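To start, the structure under review is shown below, and the notes come after it.
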Amino acid sequence: MIRTLVIPAVVLVAGAAAAAALAAADEDVDGISVQCVDRDAYVQPIPSLDRRQLQAFQRGRRHFDKTWGAVTSLDFEWGLGPTFNATSCLECHVGGGRGRAPENGSQPLLSLLVRLSVPGEGPHGGPNPDHAYGGQFQTAGLAGPFPDFAYHTAPVPPEASLYIDWDEQLVAYADGEQVRLREPRLRIENLAFGALPEGAMFSLRIAQPLHGLGLLEAVADDTLHRIAALQKTQGLNGRVNVVRDDVNDRMSVGRFGWKANQPSLRQQIAMASLEDMGLTSRLYRAQNCPPVQTLCAAQTPGNDPELVATDWDELELWSRALAVPAPRDTGDARVQRGARLFEEAKCALCHVPQMRTAESFPPLPQLANRVIRPYTDLLLHDMGEGLADGRPDFRAGARDWRTPPLWGLGLSETVNGGSALLHDGRARNAAEAILWHGGEAQASREAFRTMHKADRDALLHFLNAI
Ligand code: HEC
Ligand code: HEC
């Protein structure tokens with residue numbers, strides 16, 4: 166019986182899978198991808214949803230878009246805060262896609278957040294949260310005084326103000342053409358609850374695009390282990406993260422987030438609701454107020470829970486059922502050449518072009534047993550010192566990142582009005598992102614850096630088309 170997948174083997178050994186995936190992509194009507202190339206390209210439902218699922222999907226979309234507020238009114242859902250980073254999912258995941266990075270050091274971080282931890286191990290072997298600030302800085306607090314005075318007594322202080330200053334450096338392709346790369350330097354001001362302890366660690370993360378995530382959730386753990394085993398024979402060291410699964414009360418394989426630190430969309434959504442917007446859920450019932458934050462703790466919650474169960478379910482279905490944009494221009498000779506170069510530069514070892522989802526996926530059966538072309542292995546890789554955040558996250562080390570999927574990458578500009586790539590949004594386009602690759606991907610980066618210009622362009626054309 167062919168259970169999950171053979172294609173990674175083909176990819177790793179035979180090395181022509183990106184070209185093959187491209188050819189195959191053209192012909193199938195697969196029930197999971199859509200021909201949509203406008204700004205809504207990342208928020209389309211898979212075409213195979215039934216009527217009832219589609220209605221739930223549309224309600225999920227409204228939960229994603231809606232703005233949360235502190236007082237009941239027709240325009241707001243009640244429950245925001247007491248501290249938060251944003252007032253809607255959409256505010257960070259612009260168009261269901263990436264966040265936007267600030268241009269300069271005077272703009273606030275809107276769709277980037279900063280995780281923090283202090284030395285030592287936290288609960289279940291995860292990062293150790295700071296006693297005063299927790300595991301993530303919330304940059305906003307409910308302001309007062311309020312018309313509904315009974316509920317809100319005094320303004321809740323934001324935990325800190327965060328800014329990025331960009332350091333620039335020039336790197337050169339082998340043919341002499343120069344590229345300006347920028348690297349963020351985090352500036353933390355107005356710490357509301359005192360200085361941070363010696364050795365505090367920070368990780369800057371930009372909001373990720375959300376299309377196709379249900380399909381990645383539907384890939385069996387086994388497939389990931391198998392890809393990791395094959396990579397070992399290729400001199401790479403891809404590893405699964407194993408993280409706390411609060412939904413099932415156990416440790417599970419991590420797949421979401423830049424360090425694969427979340428095991429499921431369900432948990433990711435509940436955690437984002439709590440940490441990014443201050444919404445309690447059935448999973449995380451307590452407001453996000455470390456004990457020293459007394460004004461935060463004094464606030465009366467909007468509801469119990471604030472993210473009600475049906476809304477959570479519908480958001481989950483929505484994020485799970487997001488389709489992937491079908492590849493474009495696959496007949497173009499330059500794109501096909503780019504596909505071969507993608508193999509030759511060994512990009513495909515990590516950005517695995519093709520795999521199959523699990524034979525069964527009860528939460529959304531339409532996602533089971535599908536051939537998908539995500540260009541990721543969902544594994545952690547050492548990406549070198551240049552990209553290191555210095556902050557471990559379960560099994561992810563200080564230099565490790567999860568390979569991001571590359572499907573739909575070429576539509577990023579259309580969806581978001583820009584492409585802020587890599588975990589902190591430092592890369593303004595795919596070429597910059599590749600030039601930052603180091604560690605296990607150093608050889609790939611060098612292969613790209615030393616290509617002729619026409620070949621670099623072909624590779625970038627390919628990335629734009631998938
Ligand atoms: C303050 C900005 C912000 C808000 C608000 C926000 N997110 Fe996110 N989201 C992020 C960031 C940053 C990440 C990456 C987190 C990490 O790597 O630790 C992320 C990751 C995700 C992922 C995982 C993506 C992947 O490829 O692994 C999902 C799913 C997600 N968010 C859904 C949501 C939903 C649904 C909401 C609303 C309930 C939401 N987010 C609200 C910033 C935000
Ligand atoms: C060893 C595994 C590995 C190899 C080989 C590799 N990558 Fe990556 N790639 C990653 C990881 C991990 C990241 C995320 C790094 C980060 O966010 O700091 C990434 C990020 C990217 C991004 C940015 C995507 C986004 O959503 O931000 C692009 C584009 C990309 N890689 C293209 C390539 C190309 C093209 C090649 C071959 C020249 C290549 N990669 C080789 C692992 C790899």
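Going by my numbering, the sequence shown opens with residue 166, and the numbers climb by one from there.
Ideal Cβ placement from N, Cα and C applies to all residues, glycine included.
Just so it is clear, the structure is predicted and the values come from calculations on it, not from any experiment.
Can you tell me the Cβ-Cβ gap for residue i and residue j, rounded? I've got them flagged as a contact below 8 Å.
i    : j    : result
G376 : G573 : The sequence shown places His at residue 376, not Gly. Indeed, because the Cβ distance is near 5 Å, the residues count as touching under 8 Å.
F664 : V457 : Here the chain comprises residues numbered 166 to 631, so residue 664 is not present and cannot be evaluated.
E382 : S429 : 7 Å
Q301 : E440 : 5 Å
G555 : W601 : Not confirmed; about 16 Å, so no contact.
E481 : R431 : 5 Å
N644 : T248 : In the structure displayed, the chain extends from 166 to 631; residue 644 sits before or after that span and is not available.
G260 : Q531 : That pair is no contact at about 24 Å.
A235 : L307 : 5 Å
L277 : R415 : L277 to R415, Cβ: 31 Å. No contact.
F421 : L378 : 7 Å
Q519 : A186 : 4 Å
S577 : G262 : 6 Å
W566 : W423 : 6 Å
A504 : F627 : 5 Å
On the criterion of 16 or more Cβ atoms from any shown chain inside 10 Å, does residue i qualify as buried, or is it exposed?
i    : result
H289 : exposed
Q273 : It should be pointed out that residue 273 corresponds to Pro in this sequence rather than to Gln. That one is exposed.
L487 : buried
A337 : exposed
N269 : exposed
E286 : exposed
H516 : buried
Q223 : exposed
K618 : exposed
A183 : buried
H296 : exposed
N426 : buried
N250 : buried
N629 : buried
P527 : exposed
S271 : exposed
L335 : exposed
E333 : exposed
D476 : buried
D387 : exposed
E192 : Its pLDDT being 47, under 50, E192 is placed unreliably in this model, and the value from its coordinates should be taken loosely. Exposed.
R226 : buried
A498 : exposed
T459 : exposed
Q343 : exposed
R217 : exposed
I631 : buried
G364 : exposed
D620 : buried
R345 : exposed
G443 : buried
Y450 : The sequence given here has Arg at residue 450, not Tyr. R450 comes out exposed.
So, is the C-beta of residue i closer than 8 Å to a C-beta in chain C?
i    : result
Q531 : Annotation note: the requested chain C is absent from the structure, which comprises a single protein chain.
*Is there contact here, the segment 385-404 with the segment 545-559, by at least three beta-carbon pairs under 8 Å?*
These segments touch.
*asked:* Could you tell me which whole alpha helix (DSSP H) segments of length 4 or greater appear in the segment 246-320?
replied: Taking only runs of at least 4 residues, the alpha helix (DSSP H) segments lying wholly in the segment 246-320 are 254-257.
*asked:* Using 8 Å as the cut-off, can you tell me whether the segment 498-509 makes contact with the segment 382-400, which would need three or more C-beta pairs spanning the two stretches below that distance?
replied: Contact fails: fewer than three Cβ-Cβ distances are below 8 Å.
*Would you check if there are 3 or more beta carbon pairs closer than 8 Å linking the segment 459-468 to the segment 345-365?*
No: fewer than three Cβ pairs fall under 8 Å.
*Hey, is the segment 552-561 in contact with the segment 613-624, meaning 3+ C-beta pairs nearer than 8 Å?*
Short answer: they don't touch.
*Is it true that the segment 582-592 meets the segment 523-539, where meeting means three or more beta-carbon pairs spaced less than 8 Å apart?*
Taking 8 Å as the limit for Cβ pairs, the verdict is that the segment 523-539 does not touch the segment 582-592.
_Across the segment 344-358 and the segment 483-503, are there enough close Cβ pairs to call them in contact, namely three or more that are closer than 8 Å?_
Contact annotation: the segment 344-358 does not touch the segment 483-503, with fewer than three C-beta pairs closer than 8 Å.
*Could you give the uninterrupted runs of the alpha helix (DSSP H) lying entirely in the segment 492-533, keeping only those of 4 residues or more?*
Those alpha helix (DSSP H) runs which fall completely within the segment 492-533 and span 4+ residues are 498-509.
*For the segment 342-405, list the beta strand (DSSP E) runs that are entirely contained and at least 3 residues long, ordered along the chain.*
The segment 342-405 contains these whole beta strand (DSSP E) runs: 343-354 and 366-371.
_Minimum length 4: unbroken alpha helix (DSSP H) runs contained in the segment 191-229_ = Counting only runs of 4 or more, we get nothing.
*Whole alpha helix (DSSP H) runs in the segment 421-469 with 4 or more residues, listed along the chain?*
Entirely contained in the segment 421-469, the alpha helix (DSSP H) runs reaching 4 residues are, in chain order, 430-442 and 459-462.
*Run through the segment 533-597 for me and flag every whole beta strand (DSSP E) of 3 or more residues, listed as ranges in chain order.*
With a minimum length of 3 residues, the continuous beta strand (DSSP E) runs that stay inside the segment 533-597 are 545-547 and 565-567.
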